[in-house]
C-alpha cells in the first residue's frame, strides 16, 4: 500500500517535469549597438525570471543600410525569427508591414503606448504593428559647457548667434564645430535636425514634398541646412581630420573640450556615459537654431520598435513579451540598463530626477506643445538614399550647397519612382 | 555512334561541378535577369520593362563611376602583374631569407577585408596615421589619403595592390616552377645576360600565369567592391565610387530591381572587355 | 649564396618589412593595449601589455562564441575546398583537353561565374526549396558554386603545361579516364592544387557576406561575423577589435605556413615540364 502514493507522486512529478520541458525559445534579432544589447538583455533576463518556460536567443545584425537589406531579405524569405527590432517611420513602411508583420493593435501593452509613437508604427490599413523600444531622441547640437564658460558665451537661439559664437571660439584657437564624415551618416545632422525650423516657416513642406510639389532647391527654408554645412566649412570652424573622424571621435571631442560643438542625436549621451563618465556634466544640448529666436524648437526622432514577423511560429509568446516591454516595468528596466537619455513613450514611465544635464536641456521642449517636430522621415515616406554623400560633399567644400540640393531632389525623385508613389 | 572512339576526356567529369553551379548559381542568376525588369522591393515585383535601365543610365554619378572603375581595374591589374612577376623572379633567385620573404609578401592575403579596412583607415589617418607621421619626419606634410577627393581612389588602389600582390606572386612562382631549367641553360650558353634571359625565356614561358593573373585581377578590379567599401564607401561624396559601389548603394536603398539592372550592365561591361581579351589570349596559346 | 644574393636579400627584407610588416605590427600593438590607449589609434609601443586580459575577454565574449565560430568556419572551409579541388580540376581537365562546341559554352559559363555577381534572394529561395538554407552543408555548396570558376580557370591554364603524351601513354597502358585523371594528372598538378588550397581556404574562411545571408542563426556563427560583432557591440573597444582581427588571422596563417613548404617542395622537385 505504501507504494501507491509514491507512484502517484512519481507520476505527478513526471507530469510537471514534462511541462517544464515544454520550453519556448524566442529568437530575437536586434542591431548591435551597445545600448540595444544592454536593454534587450535586461528585458529578456527579467522576463525569463518571471516565465521560466520562455527563453531567448538574441542575434545581432548590422546597422545602417546593410541591416536594412538583411531584415528585408529575411522577411521576404520567411526567416526573420520571432521578434525583430527595427526603425519606425519610413523604414518601417518599407517592410510592407501589412503582409510581413503581425498585427499588435490588440495586445495588452498597447494601452500604455503614447499615441504619437503609435502613428509611426501604423501600417497602411490602420493597424498598429510595433511597440516602442528605447527613448525618443532629439537632433541638435551638443556644446561643451567649459568652453562656453571660459569664453563667456551663452546658448544661441539663432543661427547668426551660433556662428558669432563659433567665430569667438575659433579666435580663441579652439575647434568650433566637430564634424565626423568618416561615419557618413553623421554628416546629415545639420540638414535633418533643421526640420523644426523648416516647418516653422513652411508648415506644409512635408505634405507638399511627398506630393512632388515642394523641392529642397526651390524652398529657401529647406535649403538652409545645406547652406549651414557649407558655411561652417568655409569659415574654417572644423576639426582638422573632419573627413575621416568617426562618431566616437566627435563624442570625445565635445565631451573633453577638444571641440566646442558637435551636431548629433541625443543617443550619443549613452556613449559619453560609457566612455567619458567624468565629463558627463560638461556637455549641454541645444536644438539647432534657426533664423528666428522666437521660434526655437527641437526636431525629434522616434525610437526603434519591436515587431513580430508574420511568419513567426511563436506569436502568442512573442506578443506577451512585447506587452511586457511596453509596460512601465519594462520601461524602467531599459532606463536601468542605459540610464535616462530621453523620454520613453510609455505612459506613467517617469524619468529619474537626476538626469544628466544634456537630457535636462532637452526635456523642456517635450513638455510644451508645439516645441517639437518629428524629423521628416517620420512624416514622409521619402528620404533620398544619397543624402549622406551630398552632405559630405557640401560639408567638405567639394560641391556648393545649391547644386547639392538640386541633385538631392533628383535622388528623391528616383526613390519616389522606385516606391511607386503617386504624383511622381 | 559505336564507331566513334570513346574520348579519354568524358563530359561526365563536368557533371558534379555542373549540378552545384547550375542550381545554386545559374538558376538564381537567370531569375535575377527577370527581376531587373521589375520594380522590386523583395516582397513584390511589378514588371516595368526597361525603366530600370533608363534610370540607371541617368544616375548623375554613373559616368564618374565608370571612369573610376576603368582607372581602378587597369591600375590594379597592371601593377599586380608587373610587380607580381618581378617579385616572383626575385623570390626564386635564391636570395637571402627567400622563404621568409615569400611568406611576408603573402601575409596581407591572409587578413580579411574588414580587418584591412579598419587597419588602413588608422594608418592613413591624416594627423594620427603612421604614414603621415613618417612623412613628417622627412618634412613632407602628408595629405588626407582617404578623404581627399582627388586622392581617395588611388589610395584604395594602393591598398588593393598591397593586399593582392602576394596572390599574383604566388601564381607566378608556381608558373616559374613549370619552366624547365634547360631553357635558361641554353640561353646562358648563347651568352644571354640576366635581363635578356628574363625577356627571352621567363616572360614568354610564364605566359599561362600571366594570362591567369591579368584575367583574374582585371575581372576582380572591374568588380571590385570589398576594399572600397571597407575604406571609403565610395567617398568622400562620390569621388571613389566605382560601378559596383554605385550598384550596391541602389541595393542598400532597397531599389532591388534597379540594382539588378545595374548588375546586368556591369556584367555586360566586363564581358565586353574580358571576352575579346581571353579570345586573344587563347588564340596566342594555339599559335604557340 | 653569392654576396649579390645576400645583399639583395637584405635590401628586400628591409623594404618588405616596412611595407608588409608595419600594418601587422600595428594590429599587434593595438591588440595589446588598454581600451583608452587603443582609442588614440597611435602607432606606438603599448605602455601596458594587456595580452591575457584582452585575449580572454575576446574568447569568452558571448558565451565563447569565437570557439564555435572557429569550428563552423573550419568545417565549411575544409568541405568546400575539397570539393573545389576535385570538381574544379575535373572540369579544367576536360575543358583544356577537348576542343568542341560544348567546350566554348562551358568556358563561357565559367567566365560568367567569375563576372556575374550572385543574386542573393533567388538563391535563398532555391536553398529553401532544397532544405539547405541555414545549414552548414548548404553553405559549403554555396562556396563551391561561387568558387568553382576560379578553380576551373586556374586548373585549365596549368593543365595546358602537361603534355598530352602522358595521357596517351597511360591510355595505351589500358588506364580508364578516371585512372588517368586521378593517378597521372592530378598528382602533377600539385603546385596549382596547393596554390588553390591556400587561396580558396583563405577566401572562404574570411568570407563575411555569404554567411551573413545564407547562414543566419546563433549556432551558425562564422569567424568574420565575430569580428563584425566586436565592431558594433564594442563600439569603442578597439583593443578587443584588433585582438579579434589577430585571432581570426591565425588559422589562415597556419594554413599558409604549412602549405608554403609544400609549394617549395613542389618546385624543387622540378615542377611540371612546360
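Chains as they are written, first to last, in our numbering: chain A, 564 to 987; chain B, 864 to 1151; chain C, 150 to 423. Think of the CB as a built atom: it goes at the ideal place given N, C-alpha and C, for glycine as much as any other residue.
Check your understanding: In chain order, what residues of the same chain lie with their CB nearer than 7 Å to the CB of residue 710 (chain A), ignoring the 5 residues before and after it?
Key -> Numbered from 1 along the first chain, position 147 holds the residue referred to as residue 710 (chain A). Result list for residue 710 (chain A): 732, 737, 820 and 823, in chain order.
Check your understanding: alpha helix (DSSP H) containing residue 214 (chain C): first to last residue?
Key -> Taking the first residue of the third chain as 1, we reach residue 214 (chain C) at position 65. For residue 214 (chain C), the enclosing alpha helix (DSSP H) has its first and last residue at 200–246.
Exercise for review: Mind checking which residues open and close the beta strand (DSSP E) that includes residue 909 (chain B)?
Suggested key: Within the second chain, numbered from 1, the residue matching residue 909 (chain B) stands at position 46. Run containing residue 909 (chain B): 908–910, per the beta strand (DSSP E) assignment.
Exercise for review: State the start and end residues of the unbroken beta strand (DSSP E) segment that holds residue 848 (chain A).
Suggested key: The residue given as residue 848 (chain A) occupies position 285 in the first chain. Start and end: 846–850.
Review point. Quick one: which chain A residues come within Cβ less than 8 Å of residue 1007 (chain B)?
Key: Locating residue 1007 (chain B) in the second chain gives position 144, counting from the first residue. Simply 804, 806 and 807.
**Study point:** residue 1140 (chain B) at chain A interface by Cβ criterion, 8 Å
**Key:** Residue numbering aside, residue 1140 (chain B) sits at position 277 when the second chain is read from its first letter. It does not: the Cβ of residue 1140 (chain B) has no partner Cβ on chain A nearer than 8 Å.
**Study point:** Touching by the beta-carbon criterion (3+ pairs, under 8 Å), the stretch 1062–1077 of chain B and the stretch 1087–1095 of chain B
**Key:** no
Review point. Taking 8 Å as the CB-CB cut-off, is residue 949 (chain A) touching chain F?
Key: No chain F appears in this structure, whose protein chains are A, B and C.
**Study point:** C-alpha distance - residue 786 (chain A) paired with residue 962 (chain A), whole-angstrom precision
**Key:** What you label residue 786 (chain A) is simply residue 223 of the first chain in a count that begins at 1. What you label residue 962 (chain A) is simply residue 399 of the first chain in a count that begins at 1. Residue 786 (chain A) and residue 962 (chain A): Cα-Cα distance of roughly 14 Å.
Review point. When you check each C-beta in the stretch 1084–1101 of chain B against every C-beta of chain A, which residues fall closer than 9 Å?
Key: 1096, 1097, 1098, 1099, 1100 and 1101
Review point. Below 8 Å, can you find three or more Cβ-Cβ pairs linking the stretch 653–671 of chain A to the stretch 691–698 of chain A?
Key: yes
Check your understanding: Got a sec, what are the start and stop residues for the alpha helix (DSSP H) residue 1049 (chain B) sits in?
Key -> Taking the second chain and counting its residues from 1, one reaches residue 1049 (chain B) at position 186. That run of the alpha helix (DSSP H) goes 1044–1052.
Review point. What do you get for residue 903 (chain B), buried or exposed, if any count of 16 or more other CB atoms within 10 angstroms of its CB means buried?
Key: By one-based count along the second chain, residue 903 (chain B) stands at place 40. Flag for residue 903 (chain B) reads buried.
Point to revise | Neighbour flag for residue 417 (chain C) against chain A, beta carbons, 8 Å | key: For the purposes of this step, residue 417 (chain C) is taken as residue 268 along the third chain, with counting starting at 1. With a pLDDT of 41 at residue 417 (chain C), under the threshold of 50, the predicted position of this residue should be treated as unreliable, and no value is reported.
Review point. What number of angstroms, rounded off, separates the C-alpha of residue 953 (chain A) from the C-alpha of residue 972 (chain A)?
Key: Position 390 of the first chain, counting from 1, holds the residue named residue 953 (chain A). Position 409 of the first chain, counting from 1, holds the residue named residue 972 (chain A). In a straight line, the C-alpha of residue 953 (chain A) is about 11 Å away from that of residue 972 (chain A).
Check your understanding: Nearest chain C C-beta to residue 1150 (chain B) closer than 8 Å, yes or no?
Key -> Within the second chain, residue 1150 (chain B) is the residue found at index 287, counting from 1. Note on residue 1150 (chain B): pLDDT 45, under 50, position unreliable in the model; the coordinate value appears next. Cβ-Cβ to chain C under 8 Å: no for residue 1150 (chain B).
Review point. Quick one: is residue 183 (chain C) near chain B, going by C-beta distance under 8 Å?
Key: The residue given as residue 183 (chain C) occupies position 34 in the third chain. Answer no: the Cβ-Cβ gap between residue 183 (chain C) and chain B never drops below 8 Å.
Check your understanding: If you draw a straight line from the C-alpha of residue 1039 (chain B) to the C-alpha of residue 305 (chain C), how long is it?
Key -> Here residue 1039 (chain B) refers to the residue found at position 176 of the second chain. Here residue 305 (chain C) refers to the residue found at position 156 of the third chain. Approximately 17 Å, taken between the alpha carbons.
Point to revise | Coarse secondary structure for residue 899 (chain B), derived from DSSP in three states | key: By 1-based counting over the second chain, the position of residue 899 (chain B) is 36. Correct three-state label for residue 899 (chain B): coil.
Practice item. Have a look at residue 982 (chain A) and residue 662 (chain A) and give me their C-alpha separation to the nearest angstrom. Key: Counted from its first residue, the first chain places residue 982 (chain A) at position 419. Counted from its first residue, the first chain places residue 662 (chain A) at position 99. Their backbone Cα atoms lie some 16 Å apart in a straight line.
Review point. Considering only residues of the stretch 600–653 of chain A, which uninterrupted beta strand (DSSP E) runs meet the minimum length of 3 residues and lie entirely inside it, listed in chain order?
Key: 617–624 and 646–649
Check your understanding: Leaving out five residues before and five after residue 1063 (chain B) in sequence, what residues of the same chain have Cβ atoms less than 8 Å from its Cβ?
Key -> The sequence position of residue 1063 (chain B) within the second chain is 200, counting from 1. Closer than 8 Å at the Cβ level, and outside the excluded window around residue 1063 (chain B), lie 1050 and 1055.
Practice item. Grab me the residues of residue 835 (chain A)'s own chain with a C-beta within less than 7 Å of its C-beta, minus the 5 sequence neighbours each way, in chain order. Key: For the purposes of this step, residue 835 (chain A) is identified with residue 272 of the first chain, where counting begins at 1. Taken in chain order, the residues that qualify are 814, 818, 842, 843 and 846.
Point to revise | Where residue 406 (chain C) sits in the DSSP three-state scheme | key: Position 257 of the third chain, counted from the first residue, corresponds to residue 406 (chain C). Look at residue 406 (chain C) here: in three-state DSSP terms it is helix.
**Study point:** Residues near residue 229 (chain C) in its chain [Cβ-Cβ closer than 6 Å; skip 5 each side]
**Key:** Here residue 229 (chain C) refers to the residue found at position 80 of the third chain. Hits under 6 Å: 289, 292, 293 and 353.
Review point. Buried or exposed: residue 945 (chain A), going by 16 or more other Cβ atoms within 10 Å of its Cβ?
Key: Here residue 945 (chain A) corresponds to residue number 382 of the first chain, with the count starting at 1. The residue is buried, with at least 16 neighbouring Cβ atoms inside 10 Å.
Point to revise | DSSP three-state assignment for residue 853 (chain A), whether helix, strand or coil | key: In the first chain, the residue the question calls residue 853 (chain A) occupies position 290. In the structure shown, residue 853 (chain A) sits in a strand (DSSP, three-state: E or B).
Point to revise | Against chain C: residues of the stretch 1115–1142 of chain B by CB proximity under 8 Å | key: 1119, 1123, 1126, 1129, 1130, 1133, 1134, 1137, 1138 and 1141
Review point. Which two residues bound the contiguous beta strand (DSSP E) that contains residue 590 (chain A)?
Key: If you number the first chain from 1, residue 590 (chain A) lands on position 27. Element bounds for residue 590 (chain A): 587–594.
Check your understanding: Using a Cβ-Cβ cut-off of 8 Å (strictly less than) and excluding sequence neighbours within five positions of residue 1149 (chain B), which residues of its own chain qualify?
Key -> Against the second chain, residue 1149 (chain B) aligns to sequence position 286. The pLDDT assigned to residue 1149 (chain B) is 48, lower than 50, so where the model puts this residue is not dependable; a value taken from the coordinates is nonetheless given after this. Same-chain partners within the cutoff: there are none.
**Study point:** Neighbourhood of residue 758 (chain A) by C-beta, 7 Å cutoff - its chain only, sequence neighbours within 5 removed
**Key:** Taking the first chain and counting its residues from 1, the one referred to as residue 758 (chain A) is at position 195. The answer, listed in chain order, is 862, 936, 938 and 939.
Review point. Which residues bound the alpha helix (DSSP H) around residue 834 (chain A)?
Key: Mapped onto the first chain, residue 834 (chain A) falls at position 271. Unbroken alpha helix (DSSP H) run through residue 834 (chain A): 831–838.
Practice item. Would you list the residues sitting across from residue 707 (chain A) in a DSSP beta bridge? Key: Looking up residue 707 (chain A) in the first chain gives position 144. Answer by DSSP bridge pairing, in chain order: A:846.
Point to revise | Selection from C:407, C:398, C:387 and C:397 that minimises the alpha carbon distance to residue 184 (chain C) | key: To locate residue 184 (chain C), count along the third chain from 1; it is residue 35. The shortest C-alpha separation from residue 184 (chain C) is found at C:387.
Review point. Residue 275 (chain C) CB to nearest chain A CB: under 8 Å?
Key: Within the third chain, residue 275 (chain C) is the residue found at index 126, counting from 1. No, residue 275 (chain C) does not count as interfacial toward chain A.
**Study point:** Buried or exposed (CB count within 10 angstroms, at least 16 for buried), residue 1138 (chain B)
**Key:** Numbered from 1 along the second chain, position 275 holds the residue referred to as residue 1138 (chain B). Counting Cβ neighbours within 10 Å, residue 1138 (chain B) comes out exposed, since fewer than 16 surround it.
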